[in-house]
Each structure stands twice: as C-alpha cells, then as structure tokens.
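Keeping their order, the protein sequence lines are chains A and B.
Each residue of the first sequence is one higher than the one before, counting from 1 in full-length UniProt numbering.
Each residue of the second sequence is one higher than the one before, counting from 1 in full-length UniProt numbering.
For glycine and all other residues, C-beta sits at the position ideal for the given N, C-alpha and C.
Quick caveat: nothing in here was measured; it's all calculated off a predicted structure.
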Amino acid sequence: MFRNQYDTDVTTWSPTGRLFQVEYAMEAVKQGSAAIGLRSRSHVVLACVNKAQSELSSHQRKIFKVDDHIGVAIAGLTADGRVLSRYMRSESINHSFTYESPLPVGRLVVRLADKAQVCTQRSWKRPYGVGLLVGGLDESGAHLYYNCPSGSYFEYQAFAIGSRSQAAKTYLERRFESFKESSREELINDAILAIRETLQGETLKSSLCTVSVLGVDEPFHFLDQESIQKVIDTFEVVPEEEEDAGEADAAAADGAAAAAPAEQGDQDVAPMEM
Amino acid sequence: MTFTIPIDNGDALKNAEADSQRTLYPYVTGTSIVAIKYKDGVLMASDMGGSYGSTLRYKNIERMQAIGKHSLLGASGEISDFQEILRYLDELVLNDNMWDDGNSLGPKEVHNYLTRVMYNRRNKFNPLWNTLVLGGVKNGESYLGMVSMIGVSFEDNHVATGFGNHLARPILRDEWRADLSFEEGVKLLEKCMRVLLYRDRSAINKLQIAKITEEGVTVSQPYSLKTFWEFSAFHNPTAGAQGSW
Numbered sequence: 001m002f003r004n005q006y007d008t009d010v011t012t013w014s015p016t017g018r019l020f021q022v023e024y025a026m027e028a029v030k031q032g033s034a035a036i037g038l039r040s041r042s043h044v045v046l047a048c049v050n051k052a053q054s055e056l057s058s059h060q061r062k063i064f065k066v067d068d069h070i071g072v073a074i075a076g077l078t079a080d081g082r083v084l085s086r087y088m089r090s091e092s093i094n095h096s097f098t099y100e101s102p103l104p105v106g107r108l109v110v111r112l113a114d115k116a117q118v119c120t121q122r123s124w125k126r127p128y129g130v131g132l133l134v135g136g137l138d139e140s141g142a143h144l145y146y147n148c149p150s151g152s153y154f155e156y157q158a159f160a161i162g163s164r165s166q167a168a169k170t171y172l173e174r175r176f177e178s179f180k181e182s183s184r185e186e187l188i189n190d191a192i193l194a195i196r197e198t199l200q201g202e203t204l205k206s207s208l209c210t211v212s213v214l215g216v217d218e219p220f221h222f223l224d225q226e227s228i229q230k231v232i233d234t235f236e237v238v239p240e241e242e243e244d245a246g247e248a249d250a251a252a253a254d255g256a257a258a259a260a261p262a263e264q265g266d267q268d269v270a271p272m273e274m
Numbered sequence: 001m002t003f004t005i006p007i008d009n010g011d012a013l014k015n016a017e018a019d020s021q022r023t024l025y026p027y028v029t030g031t032s033i034v035a036i037k038y039k040d041g042v043l044m045a046s047d048m049g050g051s052y053g054s055t056l057r058y059k060n061i062e063r064m065q066a067i068g069k070h071s072l073l074g075a076s077g078e079i080s081d082f083q084e085i086l087r088y089l090d091e092l093v094l095n096d097n098m099w100d101d102g103n104s105l106g107p108k109e110v111h112n113y114l115t116r117v118m119y120n121r122r123n124k125f126n127p128l129w130n131t132l133v134l135g136g137v138k139n140g141e142s143y144l145g146m147v148s149m150i151g152v153s154f155e156d157n158h159v160a161t162g163f164g165n166h167l168a169r170p171i172l173r174d175e176w177r178a179d180l181s182f183e184e185g186v187k188l189l190e191k192c193m194r195v196l197l198y199r200d201r202s203a204i205n206k207l208q209i210a211k212i213t214e215e216g217v218t219v220s221q222p223y224s225l226k227t228f229w230e231f232s233a234f235h236n237p238t239a240g241a242q243g244s245w
C-alpha cells in the first residue's frame, strides 16, 4: 500500500471506492502479536502470544474478561483495545442490571461494530486500530466473532489475527471441521498448537502464551501456567528429533524468512502496537 | 388512598414544570389479580372491572395481556398507567424482535425491566400506580413474579395483588401444590375469585382466566361465577335485630 492523495482523512473516498485510512487501521491489527480464537458447540477458547517490549518489562495484556460469559482477545493498538473492552464491560453490566440476564454476545458484537463504524464516518475521528476476537455465549450456544476497525464483524468457527497469524490460520483450516464436536480439552489443545504455529520454530513454553476458556457451565477464566505447560508437554514430548529436523529446516528457511521478518521486525513495530 | 401535597412550582414562564404535578392518587382502578404456577406453566385470573372511585364504571377492561412470546402481564391499580406500561413493553418487545437473532426476552428479563421502571418512577415521587404480576414460561421453566408501585419485587409460586393478598393468599398457602393440573388450577383460582367477589366491593362477576405454557398464551373468554345468596340470614336480615346494629 503506497501513500496517495486519497489517504489523508477517513472521510475521503478513493476513486476506486476505498477508504484508505480504514485499511491502514487494519494494517495496525496485522502488526500486533497473534491472537487466536476457536469454538465448539459449548466452549470458546481464546489464546494469545505474550510479547514483551523488552526483557525488562512485563508482557502486554491482550485478553480481557468482559463478563462471566464473554471474553475478548485483541491485536493491534492495545490502548484502543483496552478502551473498547471497557465499553463492552459497561454494556454487559448495564444489561445485566436492567434484565438480570447475561447480554447475548451477538448483540454486544453489533453494538461494538456500530461504534467502530462511527469512527469511519466522522472527519474529526480516526478508526480504532485494534481487531477483537469476541467469544461468548447466548441462547443458541457458543459463538466466536471477529470485529475489525472497518466496523464489520464476522462469525467464525476459528480465527487468528495479528502477526504470523497466517500460519495459525492454515493449521486451523485443516482442523476446523472437527471443532464443533470437540471436547473442552481438545479445543484447548488445538488452541495451543495453533499458537505454536505462529512462533515458527521458537520453542513453545507456557510463559510465552496466555490461554482462556469459557463454556456453557464454565465462566470465563484464564488457565494457569501449570495447566498450559501440561498440555504443551503432551505434544512436545519428542523434542530431539523434532529439533534436529527443525534446525535443518530453520537454517534453510532463515535465509528466506530473514527478509520478511525484517519488514515486520521490531524496528518497524511502533511501541504502542503489540 | 389519597395524597394531598400542595405543590407550587412558581412561574410558568420561568419553570418548565410549573403547571404539572406528580402522581397524587389513582382515578380508574382495577382490583385484584391472582396467579399461580401449575404443572405446565402459569395461570392468572382477573375480573374485567374498572372502578371510578366507588362506582363500578367500566365492565370490559382486560387487565391481563401477553408480552412477547413467553410472558403474561396482569395489573391492578390505575388503568391508564397500565396502558402506559403496555406501551413501554411494546417498544421493548419490538426492539427485541428487530435484532432478529434467535434471542428473545423471557419472563425474568421483563420482570426485571419492570422493576427498574417502577422503582425509578417511585424515586422521582411520580409512581405508576400499579401492582404488576408477571408470569411466563421459557425453556421449560415457569416464572411468576410481582412488582409493586414502589418497586418492591419478588418471585413466588403464587401471588395476588390488592385484596387478593388478604383473601386469596391464605387459600393458596393451604391448597397450592406444584403438580396442579390445569383443571385443578382453574378450580383453585375460581375459589379465590369467588371469595373476592363476595367480599371485595370493587370486584365484578365477569372474569377471565389466562394460561401461559411453553406453547404460548391463551386468555379465556369472559365468564361469570355461580354465587349463592340464599342463606337464611339474608332472607329476613332484620329478624334478629334488637334496635342497635
């Protein structure tokens, strides 16, 4: 995407019918670290990669509890993500107060999308630079939605956003047909495996990822490090063989891959995007 | 029951609320509602009277109405306030339907919405002068609750408003069971309504019984209860009088 004369503000259309500012906002989502969501009939799992600015700092929080029955994982400008999470919590709690009943996730997602759309049609505003994976329950079971800065939202069986999410998406595409009937444990397994795909060679450790679950009889909560490590141990059991093969591949891939990460490399990722 | 609180809000030019007043007393009122949970859902009974003070002025008022797919609302108290509440609920149900997403408001949600409305009005010293009974069935679960004009709200297996609290509830406490059939439930409600007819001066002998189950709401056609006035004491009421009462 190159700079052009139609990208100065969000209320200018290009002659080909594009709003460049909105598309640039979606770029910001692609730069953030990966977040993954998948769902079965009764459960939703949200997982993300923990990236820290430097070794000295703690990692950014990318998954938020909105209510007992709704959670959200973000990628992109985390400050925008935090503000939208606060909005979602507020909507959820207001509904609960008036109706003593949980807000159906589908309705929350539409309100969120409408809020994002407003920012694409006011000259004094800018689009939110964050993509949200919203997982939650309503009368018809578990749902997973993706809200993007343009104000559109889609429902998914499984999805991944952020940098190197394509690797996770490829993994999920192979397996998504079985997710509907998956058990809770199988779903968590798949989430962590999908996270591993985005790490591309880096050893998967429980400190590198955050995993959260919610389900029909299970309020939203985070899995602790031990549980995550136990799951990792079940499939990283034969490290030597995999590493040997991995190293050979990695050496060849490095040359080719080196060019790509440099673009998305740390120098170009602004500090506010994680 | 009347409140007379004189309110002088001053100059109509300067103060927007100058010539308006908050609710002081009701004008056209409905009397008791009696409702019980039974085996398949909820049964509710009310008469069709609207009293103007001590005059039994209106005899065709439907004080029970279906709300959405899953709920039934009965009201006693000021009829115009009941109609206002029906307008609020109509809007609520409309917006719920407009989502068109497979979710729908159940009786619990409607009951809580009404509680919020009643309590908020009470806090502004401008109450909706009603006691509301909200019954319904959703996903196999029966629900029955009540909200008063000051926002007191609770659920129970059997509820009654107005005089029903004093005359009907003792009967229900003794004779209600969770597994009442439809016929037994109607008989129990008729027993309560008959006592109310004899003893509540604002009751009229024209009642409706409404049923709500998983399938939906049905409100019966109006009918009358059989009454018995041939007690010997009524034949010659002054026979035993000795000058005083």
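Contact list for the stretch 137-162 of chain A against chain B, Cβ threshold 8 Å: Asp138, Glu139 and Ser140
Chain B contact residues for A/Arg41, given Cβ-Cβ distances below 8 Å: Chain B residues near A/Arg41: none, gap ~15 Å exceeds 8 Å.
Alpha-carbon to alpha-carbon, B/Tyr88 and B/Thr131: 16 Å
Short Cβ contact (8 Å threshold) for B/Leu134 with B/Leu114: yes
Coarse secondary structure for A/Tyr6, derived from DSSP in three states: DSSP places A/Tyr6 outside both helix and strand once states are collapsed to three, so it counts as coil.
Partner residues on chain A for B/Arg116, Cβ-Cβ distance less than 8 Å: Chain A residues near B/Arg116: Phe97 and Thr98.
Cβ-based contacts, 9 Å cut-off: residues of the stretch 98-123 of chain A near chain B: Thr98, Tyr99, Glu100, Ser101, Pro104, Gly106, Arg107 and Val110
Chain A within 8 Å of B/Gly140, Cβ atoms only: no
Distance CB(A/Phe46)-CB(A/Ala73) smaller than 8 Å: Before going further, note that residue 46 of chain A is Leu rather than Phe in the sequence given. Yes, Cβ-Cβ distance for A/Leu46 and A/Ala73 is below 8 Å.
Nearest residue (CA-CA) to A/Pro104, options A/Glu186, A/Ser33 and A/Gly135: Of A/Glu186, A/Ser33 and A/Gly135, the smallest CA-CA separation from A/Pro104 is found for A/Gly135.
8 Å Cβ shell around A/Asn4 - same chain, five flanking residues per side excluded: Ser14 and Phe20
Secondary structure of A/Pro127, DSSP reduced to three states: The DSSP-derived three-state label of A/Pro127 is coil.
Members of the stretch 95-129 of chain B that neighbour chain A once the beta carbon cut-off is set at 9 Å: Trp99, Asp101, Gly102, Asn103, Ser104, Leu105, Gly106, Lys108, Glu109, Val110, His111, Asn112, Tyr113, Thr115 and Arg116
Contained beta strand (DSSP E) runs [length at least 3] in the stretch 157-223 of chain A, N- to C-terminal order: 158-161, 209-215 and 218-222
For B/Lys191, the three-state DSSP class (helix, strand or coil): helix
Of the listed residues A/Val10, A/Ala35 and A/Tyr6, nearest to A/Thr198 (C-alpha basis): Comparing C-alpha distances from A/Thr198 to each of A/Val10, A/Ala35 and A/Tyr6 shows the shortest one belongs to A/Ala35.
Backbone CA spacing between A/Glu243 and A/Tyr156 [nearest angstrom]: In this prediction, A/Glu243 has a pLDDT of 45, which is less than 50 and means its spatial position is unreliable; what the coordinates show is noted afterwards. Taking the straight line from one Cα to the other gives about 33 Å.
As assigned by DSSP and simplified to three states, the class of B/Gly151: In the structure shown, B/Gly151 sits in coil (DSSP, three-state: anything other than H, G, I, E or B).
B/Gly136 vs B/Val42 beta-carbon contact at 8 Å: yes
Same chain, Cβ closer than 8 Å to A/Lys51, neighbours up to 5 away in sequence not counted: Excluding sequence neighbours, A/Lys51 sits near Ser33, His59, Gln60 and Met274.
Assigned exposure category for A/Asp217 - 16 Cβ within 10 Å defines buried: A/Asp217 is exposed by the Cβ-count criterion.
Expected contact under 8 Å - CB spacing of A/Leu223 and A/Val213 to nearest Å: 6 Å
Span separating the alpha-carbon of B/Tyr27 from that of A/Thr98: 30 Å
Within 8 Å, strictly: CB atoms of A/Thr170 and A/Gly151: no
Proximal residues to A/Ser123 (C-beta, below 8 Å), its chain only, five neighbours per side dropped: The residues Asp9, Val10 and Thr11, in chain order, have a CB closer than 8 Å to that of A/Ser123 in the same chain once the five nearest residues on each side in sequence are set aside.
Minimum length 3: unbroken beta strand (DSSP E) runs contained in the stretch 48-121 of chain B: 50-52, 55-58, 64-67 and 71-78
With 16 other Cβ atoms within 10 Å as the buried cut-off, status of A/Tyr128: Burial of A/Tyr128 is indicated by the presence of at least 16 other C-beta atoms within 10 angstroms of its C-beta.
Segment limits, beta strand (DSSP E) that includes A/Lys115: Per DSSP, A/Lys115 belongs to no beta strand (DSSP E); it is in the alpha helix (DSSP H), Val105 to Val118.
Coarse secondary structure for B/Leu144, derived from DSSP in three states: Correct three-state label for B/Leu144: strand.
Exposure label - A/Glu226; buried when at least 16 CB within 10 Å: exposed
C-beta atoms of A/Cys209 and A/Val49 nearer than 8 Å: Taking the C-beta atoms as reference points, A/Val49 is found nearer than 8 Å to A/Cys209.
Sequence-distant residues of its chain with Cβ nearer than 7 Å to B/Val217 (five each side left out): Ala66, Leu72 and Ala210
Assigned exposure category for B/Pro107 - 16 Cβ within 10 Å defines buried: buried
Cβ-Cβ distance between A/Gly81 and A/Leu132 below 8 Å: yes
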